[in-house]
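Asker: So that we are looking at the same thing, I have put the structure below in structure tokens.
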Amino acid sequence: MSEVKKEKEKKVTKKATSKKVKEEVKEEKAEVKEEKKEKKATKAKKEEVVEEKKETKKPTKKVEKEEVKEEKKTTKKTTKKEEKVDLEKLTVAELKEMAKAKGVEGYTKLKKAELIDALK
100 MSEVKKEKEK
110 KVTKKATSKK
120 VKEEVKEEKA
130 EVKEEKKEKK
140 ATKAKKEEVV
150 EEKKETKKPT
160 KKVEKEEVKE
170 EKKTTKKTTK
180 KEEKVDLEKL
190 TVAELKEMAK
200 AKGVEGYTKL
210 KKAELIDALK
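See below:
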């Protein structure tokens, strides 16, 4: 009888261990699923952030371009008005400001006569 009892105990322990193993496997699978969901969620969030950044950058570039265009228009208008002004009557500092606005290279080293020539 002792052998029969031992065999029954072995079967019971095998069943118990197999149940434990199955439960552990299920838990691991559940954890893996949760990790996958979390990864997908973080990916989605990252993609949303990237898209938001792209969207926010696009309008600012357009706004900046518009501002640059407006600045160019105003500088063109002011330079036309300034051309009407007698350049000889202006100071060197004023001539340098005009040269800077027009984009004359090396204007800081130029003398008054050279500035006047560059601005004409």
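Sequential numbering of the sequence shown, starting at 100, is according to our numbering.
Ideal Cβ positions, reconstructed from N, Cα and C, are used throughout, including at glycine.
The structure presented is a predicted model; accordingly, all values stated were derived computationally and were not measured.
1) Mapping the DSSP letters down to three states, classify Asp216 as helix, strand or coil.
2) Write down the C-beta distance between Lys199 and Leu218 rounded to the nearest angstrom, noting that I regard them as a contact closer than 8 angstroms.
3) So, under 8 angstroms CB-CB, Lys188 and Leu214 are touching, yes? Tell me the CB distance rounded to an integer number of Å.
4) I'd like the span of the alpha helix (DSSP H) that includes Leu194, first residue to last.
5) Is the distance from the Cβ of Val191 to the Cβ of Lys208 below 8 angstroms?
6) Expressed to the nearest angstrom, what Euclidean distance is found between the alpha-carbon atoms of Gly205 and Asp185?
7) From Lys138 to Lys107, what distance separates their C-alpha atoms?
8) When DSSP labels each residue in this structure, what does Leu186 get in the three-state scheme?
9) Would you kindly work out how many angstroms separate the C-alpha atoms of Glu146 and Lys152, rounded to a whole number?
10) Give me the Cα-Cα distance between Lys144 and Glu123, rounded to the nearest whole angstrom.
Answerer: Once the coordinates are examined:
1) Your numbering for residue 216 matches position 117 in the sequence shown. Correct three-state label for Asp216: helix.
2) Here the question's residue 199 lines up with position 100 in the sequence shown. Here the question's residue 218 lines up with position 119 in the sequence shown. Contact doesn't hold; Cβ gap of about 11 angstroms is too wide.
3) Taking the sequence shown and counting its residues from 1, one reaches residue 188 at position 89. Taking the sequence shown and counting its residues from 1, one reaches residue 214 at position 115. The pair is not a contact, with the Cβ atoms about 13 angstroms apart (cut-off 8 angstroms).
4) Residue numbering aside, residue 194 sits at position 95 when the sequence shown is read from its first letter. 191 to 201 is the extent of the alpha helix (DSSP H) around Leu194.
5) Within the sequence shown, numbered from 1, the residue matching residue 191 stands at position 92. Within the sequence shown, numbered from 1, the residue matching residue 208 stands at position 109. No, the pair does not count as a contact, with Cβ atoms beyond the cut-off.
6) For this step, residue 205 is matched to residue 106 along the sequence shown. For this step, residue 185 is matched to residue 86 along the sequence shown. Approximately 22 angstroms between the Cα atoms of the pair.
7) In the sequence shown, counting from the first residue as 1, residue 138 sits at position 39. In the sequence shown, counting from the first residue as 1, residue 107 sits at position 8. Distance between the alpha carbons of Lys138 and Lys107 is about 46 angstroms.
8) As a working note, residue 186 is residue 87 in the sequence shown. Correct three-state label for Leu186: helix.
9) Position 47 of the sequence shown, counted from the start, is the residue given in the question as residue 146. Position 53 of the sequence shown, counted from the start, is the residue given in the question as residue 152. Near 10 angstroms, if we compare the C-alpha coordinates of Lys152 and Glu146.
10) By one-based count along the sequence shown, residue 144 stands at place 45. By one-based count along the sequence shown, residue 123 stands at place 24. Those two C-alpha atoms are separated by around 31 angstroms.
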